[in-house]
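The number in the working numbering is simply the position in the sequence shown, starting from 1, with 80 added.
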Amino acid sequence: MRRKVILIGVFLIFSFSSQAEEIVKSFVKKVVLFSHQAQVTRQALVKVKKGVNEIFLESTAFNVDESSLTAEVEGKGEILGVQFTTVPLKEFSQENIKDIEERIKNLEREKKSLYNNIEVLDNKKQFLNSLINFSDSQLSKEIVTNFPKTEDLRNMLQFLGYSYGEINTKKESLEEKIEDLYKDIEVLRQKLASLTESKTKIKRVIEVLFASQREQQINIEVSYVVRRAWWKPLYKINVLPKKDINLVMFARIYQKTGESWDNVELTVSNVVPFKGQKLPKPQSRYLYLRLQFGRFDKIAAEGGKGFWTKSLQFDSAANAPMAGKIERKIASEKASFASSVRRRLSFSFEYTLPHKVTIKSKDRGSIYPIFSKKIKGEVYHYAVPSDIPYAFLVCKASSDSELLAGVLQIYHEGRYVGKAVLEEKKSAEDFLVNLGIDREVKVKREKIKDKKEEMFFGKIERQNIVRKLTYKITIENVKEEKVNVHILDAIPVSKTDKIKIKDVRITPQPKVKDYRDKKGVVLWELELNPKEKKEIAVSYTVVYPKNAPIYGLD
């Protein structure tokens, strides 16, 4: 019979005369990993006597939510209580102290080595700066004749092998490692202090109180939540010739719990656990006048630029051309990524890996495939030329609750073209999957007129400035096939009656105005034949008080 108990801050105290048992051996059986913590299940087989048995299981986890502790027992009897506690050790081995001291020394040596590497990088950077400063200075003819040639300097820099970007990147990586070492050393020092300073040597354990109906062997499973363990989604997306899109989701797993997960059943969950979250309560809403600053309302400083947040982020490889089509014969069938066992819960998904895994504490990221699927939807080009002068290939797909926000690695016919961010679908918005920059669809936005009128008839001073602006957006398809391009732009919107937008002219007219309920944002959907070019013209007049700052105009 399986018994289960959940105790939160309460432990039942019973009087009995039996002596404390030895700490029994246990192992981590399975782990459910959440976005920022993990639920660990530890198992042990124990022989018990009839009556009340006090059973101790070892746990080396650093940061445990003690209120999450639960226990299940397979055996005849009842669970009387379960809690984290400490027990005295019968004998204390000096080998443990020596082992910890040696580990601290090794970490200190590693830390010193990393600092030396940072010093080397600083010296190389300083040397690069000195070369640049020296070459910029006024040199006498004698020095010039002896100064290394440009080609020699180039070879010297190549020999050093560091550009400024590479030096900074490596330095940041070293500093992160040093920070981790500081944390690890502090944990070991605390552990060493507890062993050497305590008069009574103690050990932290999980205590299970079990009233057995007979002498028997029981199976105990204890479960608890630990912090310093998390996972992040990582996606690989491959665009095939006929715009078929294959997506694979991976889990990048980190754990620094202090426990080793050896040969465990691992499940990742997309649920977001919360602790102490209160239900929201409605509040009264009051209207009030905004404070005035000088002659202008603070609102006048709002609007204009900033309609778009750059959610599409690319690394340098994203600016490479799309992969060319390469014909090849496939000798045999390709292996696919393994899929996890999917389980749908009330408001989340869980994925259990099809094989057991081993993840040591302080692992720097283990990656396992979770699932693969084909993405179906409308594929077209997307451009916001006022922000980024590129056209992106996107897929407007159906909403998918399994896809979480994460890094997206983009491939076209197996060739890596860049990295982006996959965002979760927001309410009332299309779910767009970024498939990368397409250089064969060119977009350009340029200002072709910006005229200020500050005087009437060139003689009478105006109280307001009249500014007339005209922009031209050019879209060109250099492909050998027809493309559909969605162009987005924003007409300025005034948030105060002191700024007026007049004489708005748009050619051709956009398909959608106030796109997604964003004032002033307009959308054109254009179809371009091979080698075809189209233009969009936008003009408007802005009237605003003289000698006053205005924000939002280019």
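Yeah, the Cβ is synthetic: ideal placement off N, Cα and C, and Gly gets one too. The structure presented is a predicted model; accordingly, all values stated were derived computationally and were not measured.
In this structure, DSSP gives Ser-193 a helical state, which the three-state scheme calls helix.
A residue is called buried once 16 or more other Cβ atoms fall within 10 Å of its Cβ, and Asp-179, having fewer, is exposed. Between the region 323-333 and the region 429-446 there are three or more inter-stretch CB-CB distances shorter than 8 Å, so the stretches are counted as touching.
DSSP, reduced to helix, strand and coil, places Asp-264 within a helical segment of the structure shown. With a 10 Å radius around the Cβ and a threshold of 16 neighbouring Cβ atoms, Ile-528 comes out exposed. In this model, Asp-145 and Ser-441 are separated by some 18 Å (Cα to Cα). With respect to the C-alpha of Glu-526, the residue from Ile-555, Gly-486 and Glu-520 having the closest C-alpha is Ile-555.
Listed in chain order, the non-local C-beta contacts of Lys-156 below 8 Å within the same chain comprise Met-81, Ser-292, Gln-293, Arg-294 and Gln-296, local neighbours out to five positions each way being set aside. CA-to-CA, the gap between Leu-272 and Ser-428 works out to about 42 Å. Assigned with DSSP and collapsed to three states, Ser-253 falls in helix. If you draw a straight line from the Cα of Lys-531 to the Cα of Arg-547, it is about 6 Å long. Residue environment for Gly-494: exposed (fewer than 16 other C-beta atoms within 10 angstroms of its C-beta).
Taken in chain order, the unbroken stretches of beta strand (DSSP E) that lie wholly in the region 92-148 and span 3 residues or more are 107-113, 117-128 and 131-138. Inclusion of Lys-476 and Glu-503 in the CB contact set at 8 Å is not warranted, their separation being larger than that value. Here the C-alpha atom of Glu-560 lies approximately 41 Å from the C-alpha atom of Ile-581. Per DSSP, reduced to three states, the secondary structure at Ala-485 is coil, with no helix or strand assignment. Scanning the region 436-487 from its first residue to its last, the whole beta strand (DSSP E) runs of 3-plus residues come out as 437-439, 443-455, 457-463 and 472-477. Cβ-Cβ distances below 7 Å link Glu-607 to Lys-562 and Asn-564 in the same chain, with the five nearest sequence neighbours on each side left out; the list follows chain order. Taking a C-beta distance under 8 Å as the contact criterion, Ile-300 and Ile-135 qualify as a contact pair.
In the structure shown, Lys-204 falls within a helical segment according to DSSP collapsed to helix, strand and coil. Per the coordinates, the alpha-carbon of Val-513 lies some 9 Å from the alpha-carbon of Val-501.
The three-state secondary structure of Ile-545, taken from DSSP, is strand. Straight-line measurement puts the Cα of Arg-307 at about 16 Å from the Cα of Arg-122. The three-state secondary structure of Gln-297, taken from DSSP, is strand. Secondary structure at Ala-628: coil, using DSSP grouped into helix, strand and coil. Taking the Cα of Pro-625 as reference, the smallest distance to any Cα among Tyr-315, Lys-578, Pro-313 and His-566 is reached at Lys-578. Taken through DSSP and simplified to helix, strand or coil, Glu-509 comes out as coil. Under the three-state reduction of DSSP, Glu-181 is assigned to helix. Leu-488 and Ile-198 have their alpha carbons spaced roughly 31 Å apart. Here the C-alpha atom of Trp-310 lies approximately 51 Å from the C-alpha atom of Ala-628.
Using a 10 angstroms sphere on the CB of Glu-339, the tally of other CB atoms reaches 16 or more, which defines it as buried. Here DSSP, grouped into helix, strand and coil, assigns Glu-556 to strand. Of the candidates Glu-533, Asn-248, Glu-181 and Phe-164, the residue whose Cα lies closest to the Cα of Leu-201 is Asn-248. Going by beta carbons, Val-351 and Phe-142 fall outside the 8 Å limit. Excluding sequence positions up to five before and after Leu-194, its CB lies within less than 8 Å of the CB of Leu-254, Lys-257, Ile-258 and Leu-261, all in the same chain and listed in chain order. Taken in chain order, the complete beta strand (DSSP E) segments of 3 residues or longer contained in the region 555-593 are 563-570 and 580-587.
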